[in-house]
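Here's the structure we're looking at; comments come further down.
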Amino acid sequence: MKLDVVGRPANGDSLGAAMADMERLAASLPTGIGYGWGDAAREETVAARQTPLLIGRPALAVFMARAALYESWTMPLSVPTVAPLDRHARIGDALARLRRRRGRARRRVGVRARISGRDAD
């Protein structure tokens, strides 16, 4: 015997919160009784399972492209860690200019050499 129950989230509740409540209630059902999702709820569960792949594959592709560009396995890891430091230094320089002081937060030669992947001579 199959019984279909259709429901919607209450006004002001999200679909994800309603699904979490339904899964919590379904866990207390006796054995042999199951549940499934339809329409938007099914699409949301499928999308949630695909999220790691949708983020991981492009990140791996970017890493591999940078590894080929820098001809090194470690440089692609160091560049993303140095680039935010340069961004913070630029913000510090801009704030110093607003205060009419000379900005000295950024050391362009070291950061630029690191980002370009070449050692400073």
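The opening position of the sequence shown corresponds to residue 32 in the numbering used here, with each subsequent residue numbered one higher. No residue lacks a Cβ here, since even glycine has one placed at the ideal position from N, Cα and C.
Assignment of P40 by DSSP, reduced to helix, strand and coil, places it in the coil class. In this structure A72 touches M50 by the C-beta definition: roughly 6 angstroms separates them, less than 8 angstroms. In the displayed model, Y66 falls within coil according to three-state DSSP, outside both helix and strand. Spanning the alpha carbons of L60 and L91 requires a straight line of approximately 42 angstroms.
Distance from the CA atom of L126 to the CA atom of I86, rounded to whole angstroms, is 34 angstroms.
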